[in-house]
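Numbering (this note's numbering), first residue to last: 99 to 479.
Using N, Cα and C, we set each Cβ at its ideal position, and we do this for glycine too.
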Amino acid sequence: MAFVFKKQIFGFMDLLRFKKMVPKRREKLAEGAAAPLPVSYKVNETAKILHPGYQKAVLREIVLNTQDTKTYVFETERPFYFRAGQYLTVGCKVGQSNVSRPYAISSAPKDALHKKVAVTVKKCGFFSGYLFDSAKAGDEFILGDPSGEFCYEPVKDSRQVLAIAGGSGITPFYSMAQSLADGTSDYSLTVLYGAKTEQDLIFKKELDALVSDKIKVVYVLSDEKKAGYEHGFIGAELIKKYVSGDFTVMMCGPQAMYAFLDKELKSFGLPLRRVKKEANCVGVRDVKDATYKLTVHIGFETYTVNAAAGETLLTSMERAGLNAPSKCRAGGCGFCHSRLISGKYSLAGADKRRLADLKFGYIHPCCTYPDSDMEIVVPKA
Ligand code: FES
99 MAFVFKKQIF
109 GFMDLLRFKK
119 MVPKRREKLA
129 EGAAAPLPVS
139 YKVNETAKIL
149 HPGYQKAVLR
159 EIVLNTQDTK
169 TYVFETERPF
179 YFRAGQYLTV
189 GCKVGQSNVS
199 RPYAISSAPK
209 DALHKKVAVT
219 VKKCGFFSGY
229 LFDSAKAGDE
239 FILGDPSGEF
249 CYEPVKDSRQ
259 VLAIAGGSGI
269 TPFYSMAQSL
279 ADGTSDYSLT
289 VLYGAKTEQD
299 LIFKKELDAL
309 VSDKIKVVYV
319 LSDEKKAGYE
329 HGFIGAELIK
339 KYVSGDFTVM
349 MCGPQAMYAF
359 LDKELKSFGL
369 PLRRVKKEAN
379 CVGVRDVKDA
389 TYKLTVHIGF
399 ETYTVNAAAG
409 ETLLTSMERA
419 GLNAPSKCRA
429 GGCGFCHSRL
439 ISGKYSLAGA
449 DKRRLADLKF
459 GYIHPCCTYP
469 DSDMEIVVPK
479 A
């Protein structure tokens, strides 16, 4: 049926109404409080308490999990609200450099209400190596707000979650298992946890203690055959053995594991939204030695630092002691988003920038390698 518009003529009555509107408005304004508006609002103050951006934390405890993995338990200044599966950045000054790295949170969200949060770190790379060898109880660190989307989303995820962990990739799933066990979350979780040997399994005892009708854990050893463990690599066959029907897959592990599983998961025909991968920190690239000049504008200051061709721009800035912003270090969060003035560069992996960033010349220093001298404008951390 065609829609019929009713024509209305702007008439005398409308003019009258409009005439009365002005004095009415004046009246209402005059009735308003004479006191000036508050400088800050309660809701903003609360938001600032809940999400301060960064906060100081004291390292209270270090637990050796395996020969190359330790858990670091921090006491935060304020309760640290996060969702199981998220990560945080841990930062401090190492020598002359301001360094920070993102780590998946391994403690339960409930513990954070008591100002306690933990990350589990494998010894590899500069900062993780520093934590492993030099950090001690009582040291002060700066923790960034919890970040990341690697969480169970009741609206879009299946109520059956298959977690595939490789090595230290178990950390976010341990947090998720704890949140299920204490009733913070509600879905069913099957964890396929791959490691080389039994000795390399992190949190085995703790995970076994959490097993219930909602939490199932299967250990898969690639280099060892043992009773009670699956042997080999996590692939389609093992997945079919432990889950069926509709499920969401969450993976956390090395890049090679993702590449392998992408192929293995094809036969399940899962929609894209049902497959989640935790991003990996960008590392060094294997290129011929070369060092370029990187000119960095932060606020009103300009710095010129050395940028090695094999390292990301973010690493070069940190090495030079500049306080450059970062969170995921994988091109995903946009926190390091900086404007390129000049220079050639290469990206680590897929380009995760928005089209507008490409159009207006923005880069993510966390996953950008220099191929010439460069000049960039970096936001204040
Ligand atoms: S730190 Fe997240 S995009 Fe660079």
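For Ser-277, the enclosing alpha helix (DSSP H) has its first and last residue at 269-279. Between the C-alpha atoms of Lys-450 and Ile-461 there is a straight-line separation of about 10 Å. Straight across, the Cα-Cα distance linking Ala-479 with Asp-243 is about 13 Å. Secondary structure of Gln-153 (DSSP, three-state): strand.
The secondary-structure analysis by DSSP pairs His-329 across a beta bridge with Leu-319.
In terms of Cα proximity to Lys-314, the closest of Gly-330, Ser-470, Met-274, Gly-333 is Met-274. It is roughly 21 Å from the alpha-carbon of Tyr-250 to the alpha-carbon of Cys-379.
Across the structure, Lys-323 and Leu-260 are spaced so that their CA atoms are roughly 23 Å apart. When secondary structure is reduced to three states using DSSP, Pro-468 falls in the strand class.
Spatial neighbours of Thr-269 in its own chain (CB-CB distance under 6 Å, excluding positions within 5 residues in sequence) are listed in chain order as Ala-202, Ser-204, Thr-218. Here Gly-265 carries a helix assignment [DSSP, helix/strand/coil]. Of Arg-181, Phe-239, Phe-358, the smallest CA-CA separation from Ser-277 is found for Arg-181. For Cys-350, the shortest C-beta to heavy atom distance toward the ligand FES is 7 Å or greater. Between Met-349 and Gly-326, the alpha-carbon positions lie close to 23 Å from each other. Every alpha helix (DSSP H) stretch that sits fully inside the region 116-176 and reaches 4 residues is listed by chain position as 140-148. Pairwise C-beta distances place the region 160-170 in contact with the region 219-235, as three or more of them are shorter than 8 Å. DSSP places Arg-417 in the helix class (H, G or I) of the three-state scheme.
Asp-280 is positioned such that its CB atom lies closer than 8 Å to that of Lys-208.
Assignment of Gln-258 by DSSP, reduced to helix, strand and coil, places it in the strand class. Distances from the alpha-carbon of Glu-296 to those of Thr-288, Leu-308, Val-316 put Val-316 closest.
For Lys-425, the Cβ falls inside the 7 Å cut-off from some heavy atom of the ligand FES. Considering only Glu-409, Arg-372, Gly-381, Asp-344, the residue with the shortest C-alpha distance to Asp-387 is Glu-409. With 16 or more other Cβ atoms inside 10 Å of its own Cβ, Ser-424 counts as buried.
Only residues of its own chain outside the window of five on either side were considered, and among them Tyr-285, Ser-286, Thr-288, Val-341, Gly-343, Asp-344, Phe-345, Thr-346 have a CB closer than 8 Å to the CB of Gln-258, listed in chain order.
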